[in-house]
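Have a look at the structure below, then the notes.
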Amino acid sequence: MNNYSIEIPGLAAAIANAPVQPKHAGLLSAIRLFEDLGGTHLVTNRGDAYLQRRKVLAPDGTVIAEDHEAWIAAELAKDGGRFARTQDRLKGLGYLLTRCEINTLFIVEDRGGPADNFIQLEVDVEDEFIDRKMLSYAWSTPSSLYELVNAAESGERFHDDARVRYSPSVYRLRRAFSAAAFLREAQTVEEAARASLA
Numbered sequence: 007m008n009n010y011s012i013e014i015p016g017l018a019a020a021i022a023n024a025p026v027q028p029k030h031a032g033l034l035s036a037i038r039l040f041e042d043l044g045g046t047h048l049v050t051n052r053g054d055a056y057l058q059r060r061k062v063l064a065p066d067g068t069v070i071a072e073d074h075e076a077w078i079a080a081e082l083a084k085d086g087g088r089f090a091r092t093q094d095r096l097k098g099l100g101y102l103l104t105r106c107e108i109n110t111l112f113i114v115e116d117r118g119g120p121a122d123n124f125i126q127l128e129v130d131v132e133d134e135f136i137d138r139k140m141l142s143y144a145w146s147t148p149s150s151l152y153e154l155v156n157a158a159e160s161g162e163r164f165h166d167d168a169r170v171r172y173s174p175s176v177y178r179l180r181r182a183f184s185a186a187a188f189l190r191e192a193q194t195v196e197e198a199a200r201a202s203l204a
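Position in the sequence shown counted from 1, then plus 6, gives you my numbering.
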């Protein structure tokens with residue numbers, strides 16, 4: 007662990023149990039119950055990420071695998087490493103892939119005084135949807151596991167208005183840290199890097 011991260015017992019569980027709401031009022035209420043976090047507020051968000059791992063679903067929505075890459079590797083092994091055989095066998099089964107999109111919320115507790123005297127919480131909102139058909143577009147024979155996985159991920163994507171939510175939205179605490187301690191550590195690292203160049 008680094009020198010700027012903060013461990014607050016029970017915070018991750020409280021965040022995970024908060025109801026996901028459009029303006030995150032329930033989340034903020036849950037966080038404000040903790041000592042030294044009574045004045046937290048949401049300052050911004052960033053929604054440009056997703057989990058690399060995707061679930062593999064049967065056409066009826068039954069989970070076939072939690073991790074599509076590991077599952078495809080295992081299916082390839084069953085076929086003795088023959089890429090074309092694995093692709094052809096899986097292509098017509100109608101399997102689906104999910105996609106878990108991540109919107110990160112940046113929440114701060116201002117401790118007063120210097121501008122860097124605040125605690126920052128980064129909380130991910132995870133939204134998982136049934137995203138696309140697996141292997142519906144297989145135009146060429148893959149020659150590596152990477153290409154086979156890429157072909158699976160390149161299947162026909164459902165339009166946003168046709169995507170079905172796979173699971174309820176959830177909050178997950180990514181990290182909590184002291185901005186002042188973070189900046190001190192960053193300065194120490196920068197000074198050491200400059201000294202090594204001198």
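Glycine included, C-beta positions come from ideal geometry on N, C-alpha and C.
Assigned exposure category for residue i - 16 Cβ within 10 Å defines buried
i           : result
residue 13  : exposed
residue 3   : Not covered by the structure: residue 3. The range shown for the chain is 7 to 204.
residue 74  : buried
residue 101 : buried
residue 197 : exposed
residue 93  : buried
residue 77  : buried
residue 134 : buried
Run of the alpha helix (DSSP H) containing residue i, from where it starts to where it stops
i           : result
residue 205 : It is not possible to answer for residue 205, since the shown part of the chain is limited to 7 through 204.
residue 81  : 74-84
residue 236 : Because the chain in this structure spans residues 7 to 204, residue 236 falls outside the shown range and cannot be described.
Inter-residue Cα distance where the pair is residue i and residue j
i           : j           : result
residue 1   : residue 170 : Past the edges of the chain, shown from 7 to 204, lies residue 1, and the structure says nothing about it.
residue 159 : residue 140 : 6 Å
residue 148 : residue 106 : 26 Å
residue 39  : residue 99  : 49 Å
residue 97  : residue 202 : 55 Å
residue 128 : residue 181 : 5 Å
residue 210 : residue 164 : Given that the chain is displayed from residue 7 to residue 204, the structure contains no residue 210 and the question cannot be resolved.
residue 17  : residue 188 : 20 Å
residue 152 : residue 83  : 14 Å
Expected contact under 8 Å - CB spacing of residue i and residue j to nearest Å
i           : j           : result
residue 108 : residue 63  : With 8 Å as the limit, residue 108 and residue 63 do not qualify as a contact, their Cβ atoms being about 20 Å apart.
residue 19  : residue 33  : About 13 Å; that fails the 8 Å criterion.
residue 138 : residue 161 : 5 Å
residue 104 : residue 61  : 4 Å
residue 31  : residue 124 : That belief does not hold up - the Cβ atoms of residue 31 and residue 124 are roughly 21 Å apart, past 8 Å.
Cutoff 9 Å: residue i Cβ touching any chain B Cβ
i           : result
residue 192 : Among the chains in the structure shown there is no chain B, since it carries only a single protein chain.
Range of the contiguous beta strand (DSSP E) that encloses residue i
i           : result
residue 54  : 47-56
residue 95  : No beta strand (DSSP E) contains residue 95, which is instead part of the alpha helix (DSSP H) from 89-97.
residue 109 : 102-116
residue 21  : Per DSSP, residue 21 belongs to no beta strand (DSSP E); it is in the alpha helix (DSSP H), 17-23.
residue 69  : 69-71
Can you list, in chain order, the stretches of the alpha helix (DSSP H) that have 4 or more residues and sit fully within the stretch 134-182? For secondary structure counted as the alpha helix (DSSP H) over 4 or more consecutive residues, the stretch 134-182 holds these complete runs in sequence order: 151-159.
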